[in-house]
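Under full-length UniProt numbering, the first residue of the sequence shown carries the number 1, and numbering increases by one thereafter. Note that the Cβ used here is the ideal one computed from N, Cα and C, for glycine as well. The model shown is predicted, which means the values in this text are computed figures rather than measured ones. Note sheet for the following structure.
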Amino acid sequence: MDESSGVRSGDEGPGLPESAKTALTTGAVARHLGVSPTTLRSWDRRYGLGPAVRPDGRHRRWTPRDVAMLETMCRLTSAGVPPAEAARTVLQPVGGAPVPGASQRTGSVPRTPAPEREPVSGDTRQECRGLSRAAVRLDAAAVDERLTCAVDRHGLAVAWQEVMVPALHTVGRRWASSGDRYVEVEHLLSWHVSTTLRRCTPAPVAHDGAGPVVLACVPGEEHTLPLEALNAALGEQGVPVRMFGAAVPAEALTAAVRRLGPAAVVLWAQARSTASLPLARHVAAAEWGVKGARRQPTVVLGGPGWAGRAMPGMVRPPGLREALAALTAGYGDLAAAPPGR
Numbered sequence: 001m002d003e004s005s006g007v008r009s010g011d012e013g014p015g016l017p018e019s020a021k022t023a024l025t026t027g028a029v030a031r032h033l034g035v036s037p038t039t040l041r042s043w044d045r046r047y048g049l050g051p052a053v054r055p056d057g058r059h060r061r062w063t064p065r066d067v068a069m070l071e072t073m074c075r076l077t078s079a080g081v082p083p084a085e086a087a088r089t090v091l092q093p094v095g096g097a098p099v100p101g102a103s104q105r106t107g108s109v110p111r112t113p114a115p116e117r118e119p120v121s122g123d124t125r126q127e128c129r130g131l132s133r134a135a136v137r138l139d140a141a142a143v144d145e146r147l148t149c150a151v152d153r154h155g156l157a158v159a160w161q162e163v164m165v166p167a168l169h170t171v172g173r174r175w176a177s178s179g180d181r182y183v184e185v186e187h188l189l190s191w192h193v194s195t196t197l198r199r200c201t202p203a204p205v206a207h208d209g210a211g212p213v214v215l216a217c218v219p220g221e222e223h224t225l226p227l228e229a230l231n232a233a234l235g236e237q238g239v240p241v242r243m244f245g246a247a248v249p250a251e252a253l254t255a256a257v258r259r260l261g262p263a264a265v266v267l268w269a270q271a272r273s274t275a276s277l278p279l280a281r282h283v284a285a286a287e288w289g290v291k292g293a294r295r296q297p298t299v300v301l302g303g304p305g306w307a308g309r310a311m312p313g314m315v316r317p318p319g320l321r322e323a324l325a326a327l328t329a330g331y332g333d334l335a336a337a338p339p340g341r
């Protein structure tokens, strides 16, 4: 084996095509492209950007043609093209002719990454336990690997609701029941969850249609992870988003709404003490546009702080998947809505 190039010179075998005899290992390709091997495996599973030749019983091998396709994928995603769109471009070049070997790949490319995928194998409860145990051991590498695998296997929405949130609750209960022990565990897990969510968030793209979706925690609210998950999921769907994060002052939020003219505003409140009905009504009443064509945002209330409060005209989804469905559907409706709706 040539360690510098990743080529296994003794593995060719008499039945392999010539291209397979000079192919690279996944590690060598990852080093060449400056991405992680996990990213290459994810592109293979999600979009079919895997090696065209897979010798039986052997590790995957990447031919020069495969590497050239991956280089194009990297250039497109670095320029801000969503991964699914970039993969379609790579696999279906100008003229519509399929890339040679693409029919042997893992499958066709979906129009958008599927955030609603159900688990295809395994038990998410077991994955949650494994993630919690890795966090308790303060094993950062294992935590990061388990989070990445959960997103790759189930999609972001399922991974968030069935793996990340239960693990965070488990660690939180340990902290609450043991004094100040495990606080470092919760901080480590939260940091890696946030890192994973941001890694999954596509680069923002320009949009000429309806205004963006604004995501903001209400004043005094510091819990941003649910909004980070929603930000990533909306980005996967190509919805323009403005993420303002924790504890946004009421005056600043109102000013941003008037400047941006958003299709919807999501207000996150973890605790009842921070959930302000007057603020929600104030945001819902914000208007912009010329006289006779005034617009107002749809207000979406997220988080347990809003529980048990009746707010006519506002949306209160119970979870990420429901929020994503309401916002993507509402985004299309709002984009087509007549002025002064």
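Between the C-alpha atoms of residue i and residue j, what's the straight-line distance to the nearest angstrom?
i	j	result
ARG242	PRO166	27 Å
SER129	LEU168	Going by the sequence as given, residue 129 is Arg instead of Ser. Answer to the nearest angstrom: the Cα atoms are 11 Å apart.
ARG316	ALA246	19 Å
TYR182	VAL143	15 Å
GLY308	HIS32	55 Å
TRP160	VAL193	9 Å
PRO119	VAL158	Caution is warranted here: a pLDDT of 37 is assigned to PRO119, below 50, making its placement in the model unreliable, and no coordinate value can be reported.
GLY27	THR148	17 Å
THR106	ASP44	Unreliable positioning characterises THR106 in this predicted model, as indicated by a pLDDT of 38, which lies under 50. The coordinate reading is nonetheless provided below. Computed Cα separation, rounded: 7 Å.
LEU138	ALA329	40 Å
LEU91	ALA286	45 Å
TYR47	ALA87	6 Å
TRP62	ALA140	30 Å
ALA29	ASP66	The amino acid at residue 29 is misidentified as Ala; the sequence shows Val. Taking the straight line joining both Cα atoms gives about 10 Å.
PRO312	THR298	11 Å
CYS74	GLY238	19 Å
ALA216	VAL185	26 Å
PRO240	LEU234	8 Å
GLN270	THR89	41 Å
PRO204	ALA232	10 Å
VAL151	GLN296	35 Å
SER273	VAL218	11 Å
residue 343	VAL171	Residue 343 lies beyond the residue range present for the chain, which begins at 1 and ends at 341; the question has no answer from this structure.
ARG133	SER36	24 Å
On the DSSP bridge list, what partners appear for residue i?
i	result
VAL239	Paired residue(s): none; VAL239 is not in a bridge.
TRP288	ARG295
GLY302	TRP268
TRP43	In the DSSP output, where bridge partners are listed per residue, TRP43 has none listed.
VAL315	VAL300
Quick check on residue i: does DSSP put it in helix, strand or coil?
i	result
VAL35	coil
VAL248	coil
LEU279	helix
LEU320	helix
LEU24	strand
Is there a C-beta anywhere in chain D that falls below 8 Å from the one on residue i?
i	result
GLY305	The structure shown contains no chain D, having only a single protein chain.
Query raised in the report: Between the region 235-254 and the region 270-285, are three or more C-beta pairs nearer than 8 Å?
Result: yes
Requested in this report: Report yes or no: do the region 196-203 and the region 213-224 share at least 3 C-beta pairs separated by less than 8 Å?
Outcome: no
**Report entry** Continuous beta strand (DSSP E) assignments of at least 3 residues falling wholly in the region 145-221
**Finding:** 213-217
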